[in-house]
Structure formats: C-alpha cells, structure tokens
Amino acid sequence: MSKASMNDTGTDGAGTAATEDDTGTVATEVGTGTAAATEVGTAERARDARELGDAGSTLSTAPREEREDTTVGGPTLGIVGWLRWFWRQLTSMRVALILLFLLSLGSIPGSLIPQAGIDELKVQDFKERHETLAPIYESLQLFHVYSSVWFSAIYILLFISLIGCIVPRTWQFTGQLRSRPPGAPKRLNRMPAYATWRTTAEPGAAREAALAILKKRRFRVHTVGDAVAAEKGYLREAGNLAFHIALIVMLVAFASGQLFKSEGGKLIVEGDGFSNTLTQYDDFKSGSLFNTDELTPFSFTLDAFTGTYERSGPQLGTPRTFKADVRYTTDATGPEKKAVIEVNKPLDVDGSKVYLIAHGYAPVVSVKDGRGKEVFRGAVPLLPIDNNVSSTGAIKVMDGYRDKNGKKDQLGFAAFFVPTYGGKGSGQMFSRFPALDFPVLNVGAYHGSLGVDSGLPQNVYQLNTDKMKPFKDAKGNVLKKTLLPGDSLTLPDGAGSITFEKEVKEWASFQISREPGNTWALGGAIAAIMGLAGSLFIQRRRVWVRAVRGADGVTVIEMAGLGRSESVRLPEELAELAGTLHSEAPSAPDPAEKTVEGAEK
C-alpha cells in the first residue's frame with residue numbers, strides 16, 4: 001500500500017497529503033509540522049521559491065516590487081528614486097484603502113453640520129447659536145465640506161491612486177489570460193496539497209484522463225512534458241479589478257453630478273403653481289458647468305396637501321400620511337397630468353425629480369388701511385419650529401397702504417401660529433397637536449420702513465424692525481393680540497386693522513433636483529458589490545498532474561495544488577479530483593503484496 005509524503009514547507013507548520021486506504025480509494029490527511037520545521041522555515045521558503053519558479057508566481061496581479069540600489073549605509077535614492085517611491089506608495093492598495101476611509105470619514109461633518117450650499121438658514125442659525133465654534137468651523141471649511149480644499153484633495157488623490165493601481169494590474173491580468181498555466185515544478189511534494197499513488201495505467205493514458213477530468217471541471221489545461229497543468233479562479237482577479245474600476249466609475253459619476261447638477265427649492269401654497277424657470281425658485285444652486293438652458297421645461301400646481309397624524313398612544317402626533325396632489329404638464333400647450341408626490345416618492349419629469357421635503361400652514365389674513373380700504377389679502381406661509389407645527393413668520397404690507405391722513409406707509413406684523421392651541425387659560429402660546437384642531441394666530445403690529453427698497457437681500461419670513469415703530473397698547477407695550485378665525489386687531493389712531501380670516505391653507509416645500517450622474521453611480525455601486533463578492537469567495541488555484549513510469553516499470557501519478565491564499569477548499573478539491581482520476585487509473589498492487597502472493601503459489 002502506497003502513501004503520500006507529508007508537506008514540509010514550513011510556511012505554516014501544516015501540510016496536506018493523500019493516502020490510499022485498503023479499498024483503493026484516495027483520501028486526504030492533514031499533518032502538523034514540528035518545531036524543528038518552524039525553525040528552518042525561512043530557509044525552506046527560500047528553497048521553495050527556487051524550486052517552484054513560475055509555478056508559484058503570478059497568482060496575483062499586484063505589481064512587482066523593484067529593489068533600489070543600496071549601499072552598506074542603506075538605500076540611496078535620488079530625485080527620480082524618491083518620485084518612484086512616492087508613486088508606488090500612492091498607487092498601492094493599502095494607500096487606496098486609507099484614502100477611501102478618509103473620504104468616508106470626511107463625509108461625516110457634511111452630514112452632521114449644516115451646509116451652506118444646502119440650507120443657508122440653518123447655517124446662519126448655527127452660527128448665531130455657536131459663536132465660539134462657528135469661526136473654527138468656518139476656518140476648517142466645515143460649512144461647505146464637499147467643496148473644501150481638503151475634501152477635494154482626498155478625492156483627487158484617491159482617484160489617482162485607484163487609476164495608478166488598476167492600470168498595471170489590468171495589463172498583468174490580461175497577460176495572464178492570454179498565457180497558459182505554467183508547467184509543473186520539479187518537486188510536487190513541496191506544494192500545500194499533494195497526492196500520489198502507483199497505477200497499472202500507462203502514463204499517457206493517465207495524463208489524457210486527467211486532462212479530460214480537469215476540462216470538465218472548467219479548468220484551463222494543457223500538457224507540458226510529462227505533466228498536465230491546470231488553472232482556475234480567474235474571476236477572483238476579475239472581480240477585484242471590477243471592484244476598483246467600479247469605484248472609479250462612482251467617483252466620476254459623483255464628480256460629474258456635482259459639476260452638472262441643479263437643485264432648487266420652492267415653497268408652494270395650496271392652489272398656487274410653479275414653473276421650472278430660474279426666477280421661480282426660492283433658492284437655487286448648480287454645478288459650475290451647468291447651463292440654465294438645460295432646465296427641464298415643466299410646471300405643476302399644488303391642488304391639495306394631506307397630512308394625517310397618530311391620535312392616541314405613545315406615538316401621539318407621529319405623522320402617518322404626507323402627500324401632495326399635483327397637476328403637471330411638460331408642455332405649455334400639452335395636457336395636464338395628475339400625480340401624487342409623497343416622501344421618498346418623487347415626481348420624475350424627464351430626468352428632473354420633484355421631492356416633497358416639508359410642509360406647514362398658511363393662515364389667510366386681510367389688512368385694511370386707515371380709510372377702510374383692503375390693501376392686502378392672502379395666505380401667509382409660516383415656518384414650523386417644533387414637531388407640533390407651531391409656526392412663526394412675518395406679514396408684510398409693502399404697497400398700497402395709507403394711514404387715516406392718506407400718508408403712505410408700510411405695515412409689518414410679527415406672526416405666531418399654532419394649529420391646536422394648548423395654552424388657553426395659562427397665557428402660553430404653544431401647539432399640542434400638529435393637525436388643525438384649534439387654530440390660533442398671534443400678531444404684533446409695527447409700521448415704518450420694511451427695508452425692502454434697500455437693495456439688500458431679506459428673509460421673507462423674518463420681520464426687520466430696525467426702521468419700524470411698534471403700535472402701542474394702553475400699557476405702552478407692543479400691540480399684540482391672539483386671534484381666532486374671524487377675529488380682528490384694530491390698529492390705534494385709525495391706522496386700520498388686520499383680520500384672521502376663517503381659512504387656513506397648507507403649504508408644501510419641494511426640492512427640484514437634476515443629478516445626471518446618479519444612474520452611473522448606481523451601476524458602479526452594483527458592480528462594486530458584485531466584484532467584491534467575486535474577489536472574496538472565488539479562489540485562484542492551480543493543479544498539476546504528473547504521470548511517469550517508475551524505476552520498476554509501474555506508472556507513478558502525482559497530483560498537487562497551489563492556491564493564492566490558504567483555504568480548506570483546495571485540499572478537498574484536490575482529494576475529489578484525485579478520487580475521480582483514481583477511478584480511471586486505479587492503484588497497482590504493492591511490491592510486498594506481489595511477493596506474498598508468489599510465495600503462496
């Protein structure tokens with residue numbers, strides 16, 4: 001009975017061998033190396049490298065390292081040497097992963113800190129509330145992370161690193177695909193997985209059987225001398241390259257999206273509409289290469305906004321339904337279409353997406369001047385300040401107002417609105433529920449210059465009282481009044497009145513975005529996941545089968561396997577291949593058995 005020799009490379013103290021049991025089938029054994037083998041591991045590895053030669057190389061597409069000229073005192077690098085060293089470091093996979101981690105880390109403040117390009121009001125509010133932190137954040141460019149110098153530097157370095165890493169690996173992998181598996185090394189028993197047995201089959205017949213078996217298992221095979229060389233698992237490197245190419249695609253998609261994107265916001269009260277032109281936006285920002293002529297021609301009207309809330313239980317007041325019923329058209333003369341826009345369910349019009357992002361209330365008010373003429377009537381949108389939609393804002397009467405003497409003036413009212421009044425009897429103005437159950441409007445009256453003619457930008461939801469005088473009540477305080485629907489506040493000295501009409505409309509805020517790189521980014525993300533899965537779960541391995549005639553004239557078959565990384569699957573696969581080949585080339589009787597049989601005869 002023959003037995004395979006143990007692996008004694010000393011690389012990890014473990015070897016795999018194949019033995020033949022009493023029934024003639026081939027099985028695998030795993031042995032543990034001794035301490036002595038570990039001590040001589042370095043010498044063994046050097047000897048293995050010499051003996052394996054090409055058979056143990058190019059299982060990876062990692063670029064080969066080149067040694068620099070050295071002297072007794074250490075390496076001597078000139079300018080070119082240092083540049084080459086820096087380039088090798090930048091294009092190494094280790095640095096690429098570090099840069100990718102830094103890019104992810106750099107995105108965190110962009111998510112936690114309000115960004116100037118997204119919400120200027122939140123940035124301004126943050127600066128007012130954090131007077132110490134704001135200058136530090138400003139100097140670190142944390143209010144515009146994604147356009148900052150340091151984020152752009154990481155982004156560009158990662159882009160260069162990935163390209164510099166992928167290009168040479170791609171050429172090496174292409175060369176490997178065009179080449180054939182290397183021939184068998186001189187000593188197959190040096191391989192991590194090894195099996196051998198003696199057979200009555202002819203060497204040529206054994207090699208032909210091995211060739212057919214390996215081809216059936218989808219190995220790339222050919223015969224080199226007295227051995228069959230086979231290789232499999234190229235999709236591992238293909239997946240690795242696909243993963244990194246997909247990262248480049250995602251980076252390019254992100255960059256193009258930032259350069260060609262457009263994004264703007266619009267607050268629309270029920271019954272009002274929007275046309276996708278630059279002048280219609282409340283705020284608008286775009287990439288540096290975007291052209292306003294590229295705005296998608298469409299318009300829509302907000303027919304109604306519907307919001308429902310949980311009425312009982314621990315989730316009291318939690319939103320249940322947020323939807324906006326709209327009518328839209330893509331052509332000035334085309335038919336109108338109906339659509340419903342919900343949170344995370346935008347309206348898509350020729351690549352432009354309309355997202356529903358916020359909502360609130362717009363109480364309808366009317367204002368009369370000193371002569372009793374109505375100079376203002378309309379729904380005034382107010383901005384929510386809490387989860388129960390307590391809202392604040394300003395009512396501004398800029399034109400048409402005259403006092404009782406006919407003198408032109410401007411009126412301003414600081415407004416505070418609650419949809420469900422919860423402070424009756426306590427003097428507190430707050431909302432206890434977000435639905436319109438008990439609407440109340442509180443106003444404070446001023447007159448003078450609103451500052452709208454100064455040419456400086458002004459927040460329409462805030463009242464600047466620097467150049468205004470308050471109307472006074474009997475106690476000399478600012479004239480204020482809490483109004484129920486239908487109530488009025490009469491201004492002193494015949495200056496007119498303001499009325500809270502018996503109607504409260506709702507408004508919705510929409511974000512209209514066009515990001516041309518999203519489809520490519522999604523495709524890159526899917527390709528990256530698939531490539532990563534392939535590089536993790538597919539093993540690159542080689543198998544050799546040698547069949548030669550021994551000194552006693554009996555054919556000796558040797559099988560060996562080599563993988564890019566250690567895996568229990570390689571010995572198992574080799575054992576399965578050896579078992580299949582053994583059925584085609586069965587074991588020959590041992591010389592000792594032949595002697596015993598002859599003696600009995």
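Per the working numbering, the sequence shown starts with residue 1, numbered consecutively. Backbone N, C-alpha and C define an ideal beta-carbon position, used for all residues, glycine too.
Suppose only complete runs of 3+ residues qualify. What are the beta strand (DSSP E) ranges in the region 337-423, listed by chain order? The qualifying runs are 337-342, 347-349, 352-368, 374-379, 391-397 and 411-418.
*asked:* Spatial neighbours of Thr223 within its chain, please: C-beta separation below 8 Å, excluding the five flanking residues on both sides.
replied: Within the sequence shown, the letter at position 223 stands for residue 223. Counting only residues of its own chain and dropping the five nearest sequence neighbours on each side, Thr223 has a CB closer than 8 Å to the CB of Arg207, Leu211 and Ala229.
*Exposed or buried, what is Lys368 when buried is set at 16 or more other beta-carbons lying within 10 Å of its beta-carbon?*
In the sequence shown, the residue the question calls residue 368 occupies position 368. Lys368 counts as buried, since at least 16 other C-beta atoms from the protein chains shown sit within 10 angstroms of its C-beta.
- Message: Need the endpoints of the beta strand (DSSP E) that Glu515 sits in, please.
- Response: Position 515 of the sequence shown, counting from 1, holds the residue named residue 515. Per DSSP, Glu515 lies in no beta strand (DSSP E) and is assigned neither H nor E.
Kindly list the residues whose CB is nearer than 6 Å to the CB of Ser275, restricted to its own chain and excluding five residues on each side of it in sequence; keep chain order.
-> Position 275 of the sequence shown holds residue 275. Cβ neighbours of Ser275 within its own chain (closer than 6 Å, five residues either side excluded): Ser299.
**Prompt:** If you pair each beta-carbon of the region 468-484 with each one of the region 428-447, do three or more pairs fall below 8 Å?
**Reply:** These segments touch.
Q.
Looking at the secondary structure, which residues open and close the beta strand (DSSP E) in which Asn442 lies?
A. Walking along the sequence shown from the start, residue 442 turns up at place 442. Looking at the DSSP string, the run of the beta strand (DSSP E) that includes Asn442 is Val440 to Gly448.
*Taking the C-alpha atoms as reference points, what is the distance between Ala153 and Gly517?*
Numbered from 1 along the sequence shown, position 153 holds the residue referred to as residue 153. Numbered from 1 along the sequence shown, position 517 holds the residue referred to as residue 517. Straight across, the Cα-Cα distance linking Ala153 with Gly517 is about 21 Å.
Taking the straight line between their C-alpha atoms, what separation do you get for Ala184 and Pro168?
Position 184 of the sequence shown, counted from the first residue, corresponds to residue 184. Position 168 of the sequence shown, counted from the first residue, corresponds to residue 168. Going by the C-alpha atoms only, they are around 27 Å apart.
Backbone CA spacing between Lys472 and Ala495 [nearest angstrom] = One-based indexing of the sequence shown puts residue 472 at position 472. One-based indexing of the sequence shown puts residue 495 at position 495. Rounded to whole angstroms, the separation of the alpha carbons of Ala495 and Lys472 is 12 Å.
Based on Cα-Cα distance, which residue from Leu581, Ile557 and Asn189 lies nearest to Pro203? In the sequence shown, residue 203 corresponds to position 203, counting from 1. For the set Leu581, Ile557 and Asn189, the Cα lying nearest the Cα of Pro203 is the one of Ile557.
Q.
Within 10 Å of its beta-carbon, does Arg542 have 16 or more other beta-carbons around it, so buried, or fewer, so exposed?
A. What you label residue 542 is simply residue 542 of the sequence shown in a count that begins at 1. It counts as buried.
Subject >> Alpha-carbon spacing of Val365 relative to Ser111, whole angstroms >> reply: Numbered from 1 along the sequence shown, position 365 holds the residue referred to as residue 365. Numbered from 1 along the sequence shown, position 111 holds the residue referred to as residue 111. Taking the straight line joining both Cα atoms gives about 38 Å.
First through last residue of the beta strand (DSSP E) which encompasses Ile79
Locating residue 79 in the sequence shown gives position 79, where the first residue counts as 1. Careful: Ile79 lies outside any beta strand (DSSP E), inside the alpha helix (DSSP H) at Ile79 to Leu90.
>> Considering just the uninterrupted stretch of the beta strand (DSSP E) at Pro586, what are its terminal residues?
In response: Looking up residue 586 in the sequence shown gives position 586. It is not in any beta strand (DSSP E) - Pro586 carries neither H nor E in the DSSP assignment.
In chain order, which alpha helix (DSSP H) runs of at least 4 residues are fully inside the region 219-244?
Entirely contained in the region 219-244, not one alpha helix (DSSP H) run reaches 4 residues.
Notebook entry, point to check: If we ignore side chains and look at the alpha-carbon of each, how far apart do Ser583 and Gly531 end up?
Noted result: Numbered from its first residue, the sequence shown carries residue 583 at position 583. Numbered from its first residue, the sequence shown carries residue 531 at position 531. Whole-angstrom Cα-Cα distance: 37 Å.
Exercise. Check the C-beta distance from Lys285 over to Ala379 and give it rounded, since I have them as a contact under 8 Å.
Key: Locating residue 285 in the sequence shown gives position 285, where the first residue counts as 1. Locating residue 379 in the sequence shown gives position 379, where the first residue counts as 1. Actually they are not in contact, since the Cβ atoms of Lys285 and Ala379 sit about 27 Å apart, beyond 8 Å.
Open item on the list: Helix, strand or coil for Glu501? Go by DSSP, reduced to three states.
Closed with: For this step, residue 501 is matched to residue 501 along the sequence shown. In this structure, DSSP gives Glu501 an extended state, which the three-state scheme calls strand.
Point to revise | Secondary structure of Ser262, DSSP reduced to three states | key: Your numbering for residue 262 matches position 262 in the sequence shown. In this structure, Ser262 counts as strand in the three-state DSSP scheme.
DSSP state of Gly273 mapped onto helix, strand, coil
Position 273 of the sequence shown, counted from the start, is the residue given in the question as residue 273. Strand, per DSSP.
State whether the region 226-244 contacts the region 179-198, with contact taken as three or more CB pairs (one from each stretch) at a distance under 8 Å. The region 226-244 vs the region 179-198: in contact.
- Task: Apply the 10 Å Cβ neighbour rule to His130 and answer buried if 16 or more other Cβ atoms are within range, or exposed otherwise.
- Result: To locate residue 130, count along the sequence shown from 1; it is residue 130. Only exposed fits His130, as fewer than 16 other CB atoms lie within 10 angstroms of its CB.
**Asked** In this structure, what does DSSP give as the bridge partners for Pro319?
**Response** Reading the sequence shown from its first residue, position 319 is the one you call residue 319. Beta-bridge partners of Pro319 (DSSP): Tyr309.
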